[in-house]
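Here the protein sequences line up with chains A and B, keeping their order.
Residue numbering for the first sequence follows UniProt numbering, starting at 1 and increasing by one per position.
Residue numbering for the second sequence follows UniProt numbering, starting at 1 and increasing by one per position.
Where a beta carbon is used, it is the ideal one built from N, C-alpha and C, also for glycine.
Number of protein chains: 2
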Amino acid sequence: MPFPSDLQIARGAQLKPIEDVAAEMGIGGHLLEPYGRDVVKIRLEAIDELAEAPRAKYVVVSAITPTPLGEGKTTTTVGLGQAMRHIGKKATVAIRQPSMGPTFGIKGGAAGGGYSQVVPMEILNLHLTGDFHAVTEAHNMLSAVLDNHLYQGNKRGLDQHRITWRRVLDVNDRVLRNVIVGLGSRLDGVPRQTGFDITAASEVMAIFALARSLPEMRARMGRIVVGYTRTGEPVTAEDIGGAGAMAVIMRDALKPNLMQTLENTPVLVHAGPFGNIAHGNSSVVADLIGIHGGDYLITEAGFGADMGAERFFNIKCRASGLKPDAAVVVATVRALKAHSGVHRIVAGKPLPPALLEENPDEVLAGGANLRKQIENIRLHGVSPVVAINAFPDDHPSEHAAIAAIAEEMGARSAVCTHFADGGAGATELARAVAEAAEEPSDFRFLYPDEASLREKIEIVAGKVYGADGVDYDLSASRQLDSYEANGFGNLPVCIAKTHLSISSDASLKGAPTGWRLPVREVRASVGAGFIYPICGDMRTMPGLGADPAAHHIDLDENGEIVGLS
Amino acid sequence: MPFPSDLQIARGAQLKPIEDVAAEMGIGGHLLEPYGRDVVKIRLEAIDELAEAPRAKYVVVSAITPTPLGEGKTTTTVGLGQAMRHIGKKATVAIRQPSMGPTFGIKGGAAGGGYSQVVPMEILNLHLTGDFHAVTEAHNMLSAVLDNHLYQGNKRGLDQHRITWRRVLDVNDRVLRNVIVGLGSRLDGVPRQTGFDITAASEVMAIFALARSLPEMRARMGRIVVGYTRTGEPVTAEDIGGAGAMAVIMRDALKPNLMQTLENTPVLVHAGPFGNIAHGNSSVVADLIGIHGGDYLITEAGFGADMGAERFFNIKCRASGLKPDAAVVVATVRALKAHSGVHRIVAGKPLPPALLEENPDEVLAGGANLRKQIENIRLHGVSPVVAINAFPDDHPSEHAAIAAIAEEMGARSAVCTHFADGGAGATELARAVAEAAEEPSDFRFLYPDEASLREKIEIVAGKVYGADGVDYDLSASRQLDSYEANGFGNLPVCIAKTHLSISSDASLKGAPTGWRLPVREVRASVGAGFIYPICGDMRTMPGLGADPAAHHIDLDENGEIVGLS
């Protein structure tokens with residue numbers, strides 16, 4: 001019998017009434033707003049109401065540097081959450097909402113996998129409660145207000161060539177990357193070049209992911225810098241009268257969404273900021289609620305530990321005030337073999353057959369990446385646990401090789417089979433995480449607010465990425481100077497680089513040394529509260545492939561959805 | 001004491017549990033999907049489950065040709081619905097969902113007004129249940145699939161200069177009317193000129209408003225024509241593999257939304273197609289449910305009787321199979337005075353003081369418009385009732401003048417004060433509608449399916465608009481020939497013209513005669529199922545004014561919304 005598809009497994013789920021799932025977190029019905037039958041939004045009053053409840057251990061799930069296929073981080077997050085019940089503990093899971101662009105592009109869905117999924121997966125992978133659509137609407141409302149400001153006389157003196165605010169859509173649509181708007185007649189606005197990003201890349205997405213309250217979200221909207229005057233003064237959303245409308249459009253979106261796993265573990269699904277030009281973590285408000293919802297709050301951070309986890313520690317925890325107790329590093333045999341440099345894994349193509357042969361030495365050869373990512377967790381004073389995410393083609397000797405690296409680094413590890421076995425397949429991991437979280441936490445930021453932007457970049461580049469130094473293009477250097485002069489120097493940095501290497505060169509595997517980080521340009525998300533240096537080509541609007549998932553997603557004769565994997 | 005604002009009145013509403021509102025329509029809880037606390041979606045199974053329930057009288061609310069301020073048609077629809085209970089009858093109201101673009105543009109909200117409103121008005125005027133966002137997403141998904149088709153080799157041979165499918169956003173954003181996409185490098189797609197319309201103008205909006213079932217909506221998606229090959233063959237959404245994904249994205253949106261009035265009358269709020277290039281009526285599925293929900297189903301059609309009501313009769317009723325029993329024509333003193341040609345009313349400016357002086361003769365002088373619109377209802381075999389929507393500055397002699405015109409035309413009429421008094425202010429109207437609906441209906445379409453497109457256009461132009469004839473531009477004539485050749489000749493027509501005159505010239509008031517309808521071009525919404533000739537400048541993407549509502553909509557210190565009127 002073939003292993004069933006994710007959608008088949010998800011359709012067989014026995015869902016608990018979602019109000020009962022909330023009740024297990026101590027969240028009463030008066031704090032819930034239903035959206036359909038299987039999802040509720042949690043009112044923000046829950047943060048205050050739960051404040052006196054015991055604090056859960058806070059666990060972030062990160063990974064080694066992934067291959068283009070991903071290493072099952074969401075699946076492990078879900079599996080670990082499910083496993084906690086198997087060892088007698090109550091856990092809440094917190095993940096990002098998937099983006100519809102990629103769902104209809106290459107992925108066909110992102111809700112975990114196998115027997116570790118969030119359900120109903122069709123809802124998760126489509127509109128959910130409309131939060132992403134609210135981001136699209138709020139973002140583009142500001143764009144319309146901005147272009148109307150130019151059209152109506154440009155009172156603030158915006159320099160058309162220094163407008164940084166673009167538009168967004170939650171679609172993979174490459175032709176929107178670079179567009180000219182305002183063509184036609186004089187009544188059709190002021191022509192200029194601009195473009196669209198995918199909604200996940202919107203600063204509005206990062207803002208609602210980082211705000212702790214509705215008033216704070218409103219204030220952050222006002223601080224968004226949309227461009228600069230001819231004399232270099234920043235112009236904000238507040239200045240052009242767009243911030244209030246954006247906050248109104250985002251008011252309901254700020255309430256976290258509650259769903260459940262296949263084993264009825266509560267799952268907070270909220271926000272989905274990009275993992276390179278933004279911080280790639282689910283929302284602060286979800287975690288502020290979830291931190292009082294049981295024994296463990298298990299939250300996922302995007303990409304490898306050099307990316308999502310570093311931002312989790314230095315951006316998200318800085319915004320939330322929460323301190324993590326343990327960090328999981330998901331590792332796979334296939335990715336470590338790829339880090340040996342022997343194999344090349346390409347998205348959408350079968351794995352090279354040689355990679356599937358038993359070869360623990362190759363795993364060890366790629367081990368530098370795992371070692372460095374464990375170190376990256378330790379840099380922040382947090383206990384690492386290595387989750388060895390087992391695949392059917394793995395060999396026990398290869399799992400043992402990963403465990404040996406972990407042991408050498410003084411980190412706990414566990415082989416887990418939650419994809420095939422659900423929570424029961426991750427009980428060993430759950431126990432290891434529980435032990436790690438009991439160790440006294442010595443959580444610390446990597447740099448103080450007061451460090452200069454260059455110091456911050458150099459600290460992350462040197463300590464986390466292992467770079468020998470940082471090279472700034474002239475324009476990047478000027479931008480940094482101007483941000484410091486504008487008073488943005490106290491913000492943390494979110495270094496936009498490839499997620500396929502710890503370095504800024506995607507082709508360098510393992511733990512690259514002897515290289516320097518090239519900062520090509522620097523941009524600011526002042527409302528979200530970070531400065532993001534760009535190191536390499538950052539694609540903020542994906543395209544569709546030759547045969548995208550959109551061609552295969554459809555309704556069957558019963559009106560059920562097919563084609564979501 | 002000043003009359004309270006719409007928002008103040010709406011905040012004071014005593015809402016009934018929405019499940020109880022549904023129960024009064026005979027809709028059980030198993031058919032409901034909650035969205036927040038005050039809105040439910042109704043599952044489409046309700047259509048079959050209610051099929052044996054008694055059929056309500058079906059009443060469409062139309063109007064004389066409005067001024068740019070609108071004549072209170074939604075308010076009258078809501079007020080009439082409320083009034084039915086005051087005369088011992090059960091009514092359901094059906095209206096369109098407001099568009100967020102105009103809400104943040106000039107209007108600041110559209111949920112009725114005064115004591116005849118749909119509540120909660122903040123929900124109605126913002127995302128509601130996300131149906132418009134689903135339209136945006138589905139429409140732009142097809143756009144992305146289309147541009148990807150060009151990029152990946154253009155197997156279908158689409159002529160880049162004959163692509164008719166654009167993009168949409170629910171924002172008033174004039175610079176998006178005409179854009180060039182695909183700039184950048186070869187990897188950024190094929191450059192071409194295109195543009196964005198507002199979401200209400202999307203063919204997807206018209207499709208989900210006209211479909212009777214999920215499979216029918218899916219089939220209509222497939223029939224969308226996105227462009228033509230170099231040899232003039234139509235290329236459909238099905239051909240390029242986008243229709244299934246669109247149907248999946250729109251699956252939940254097809255379920256009608258249930259809200260309530262200030263007096264707890266059930267209100268189906270569903271779809272919001274444009275009133276000029278589309279048919280301007282709420283959804284067929286909502287009416288298929290509401291027709292079995294009580295004694296009266298009161299549904300609104302956009303603009304004057306020459307526009308929304310004509311399309312209601314010839315497009316919406318053709319699609320639904322439902323037959324109307326009565327039609328309300330909303331008339332106001334100010335609009336009839338404007339139709340006298342003496343006064344000019346401009347949106348956003350105060351009324352001319354001379355217009356407010358008592359002057360029944362001016363009302364009579366503008367009466368030709370009312371007479372023609374009553375005739376336009378009668379053309380379809382339906383009993384007209386004139387609703388004299390009273391404003392504070394009106395004089396009784398002026399109301400009497402309107403009543404005299406109605407009587408001369410053999411139509412019932414009633415003065416109504418539902419804005420100030422709620423349902424109690426429209427009981428006389430309710431009685432008149434009830435009487436009219438008891439008359440034997442002789443409902444008929446204006447033209448048969450088999451008539452040629454030119455015949456259909458000429459019948460509407462001659463009989464409804466009072467034109468002496470139709471002039472076709474050469475390109476329009478060629479388009480009509482090509483649509484007939486492509487097999488679209490059996491579709492009804494939706495003539496896109498100004499709503500500010502019965503003619504195609506907005507400056508002609510009253511009931512213009514001695515003019516000819518100029519058809520500049522013709523377009524096709526094959527999925528929605530109509531051909532739309534364009535007569536004049538049709539703006540499908542509004543702009544923002546110098547001081548748009550977006551500048552004033554905000555959250556107050558308690559997180560409540562301010563600035564929605």
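With which residues is residue i paired in a DSSP beta bridge?
i                      : result
A:P234                 : A:Y228
residue 633 of chain B : One cannot answer for residue 633 of chain B here, as it falls past the ends of chain B, which runs 1 to 565.
B:G195                 : B:G195 pairs with nothing; no bridge assigned.
A:V60                  : A:T299, A:A327
B:E33                  : B:K41
A:R523                 : A:Y532
What residues of chain A sit near residue i, judged by a beta carbon separation below 7 angstroms?
i      : result
B:F104 : M141, A245
B:A152 : Strictly speaking, residue 152 of chain B in this sequence is Gln, with Ala absent from that position. Chain A residues near B:Q152: A546.
B:H551 : G241
B:N178 : L183, G184, D188
Exposed or buried, residue i, counting other C-beta atoms within 10 Å across all chains shown (16 or more means buried)?
i      : result
B:G227 : buried
A:F488 : buried
B:T65  : buried
A:R478 : exposed
B:L558 : Note on residue identity: the sequence assigns Asn, not Leu, to residue 558 of chain B. When all chains shown are included, B:N558 counts as exposed.
A:E560 : exposed
A:G114 : buried
A:D442 : exposed
Report back the beta-carbon spacing between residue i and residue j to the nearest angstrom; my notes put them in contact at under 8 angstroms.
i      : j      : result
A:T77  : A:V93  : 6 angstroms
B:A476 : B:V522 : 5 angstroms
B:M205 : B:A430 : With a Cβ gap of about 31 angstroms, B:M205 and B:A430 do not count as contacting.
B:F91  : B:I298 : Note that residue 91 of chain B is Ala in the sequence shown here, rather than Phe. Confirmed, Cβ separation roughly 6 angstroms.
A:M141 : A:G242 : 7 angstroms
B:E203 : A:M100 : Wrong, their Cβ atoms sit about 20 angstroms apart, outside the cutoff.
B:A51  : B:L258 : Not confirmed; about 18 angstroms, so no contact.
A:G510 : A:N369 : 5 angstroms
B:N276 : B:A496 : 5 angstroms
A:H395 : A:V415 : With a Cβ gap of about 12 angstroms, A:H395 and A:V415 do not count as contacting.
Could you give the distance in angstroms between the alpha-carbon of residue i and the alpha-carbon of residue j?
i      : j      : result
A:D554 : A:V470 : 49 angstroms
B:I405 : B:A426 : 20 angstroms
A:A451 : B:R174 : 44 angstroms
A:L322 : A:G367 : 31 angstroms
A:A401 : A:A411 : 14 angstroms
B:T513 : B:V464 : 11 angstroms
B:D159 : B:P191 : 13 angstroms
B:E310 : B:L183 : 43 angstroms
A:I388 : A:G341 : 20 angstroms
B:R516 : B:A467 : 5 angstroms
A:R96  : B:V248 : 22 angstroms
B:A63  : A:G348 : 58 angstroms
B:G70  : A:M217 : 36 angstroms
B:I207 : B:R167 : 16 angstroms
A:F530 : A:V333 : 35 angstroms
Give the residues of chain A in contact with residue i, contact being defined as C-beta atoms less than 8 angstroms apart.
i      : result
B:H380 : Ordered by position in chain A, no residue passes the 8 angstroms Cβ test against B:H380, which lies about 34 angstroms from the chain.
B:Y35  : P34, Y35, G36
B:E358 : Chain A residues near B:E358: none, gap ~39 angstroms exceeds 8 angstroms.
B:I561 : V248, R251
How would you list, in chain order, the residues of chain B whose beta-carbon sits under 7 angstroms from the beta-carbon of residue i?
i      : result
A:N281 : None at all; the shortest Cβ gap to chain B is about 24 angstroms.
A:I207 : Result: empty, since nearest Cβ-Cβ is about 14 angstroms, beyond 7 angstroms.
So with CB distances below 9 angstroms, who are the chain B contacts of residue i?
i      : result
A:H127 : G130, H133, A134, E137, I249, D252, A253
**Item:** Chain-ordered residues of the segment 80–101 of chain B with a beta carbon less than 9 angstroms from chain D
**Value:** Of the protein chains in this structure, namely A and B, none is chain D.
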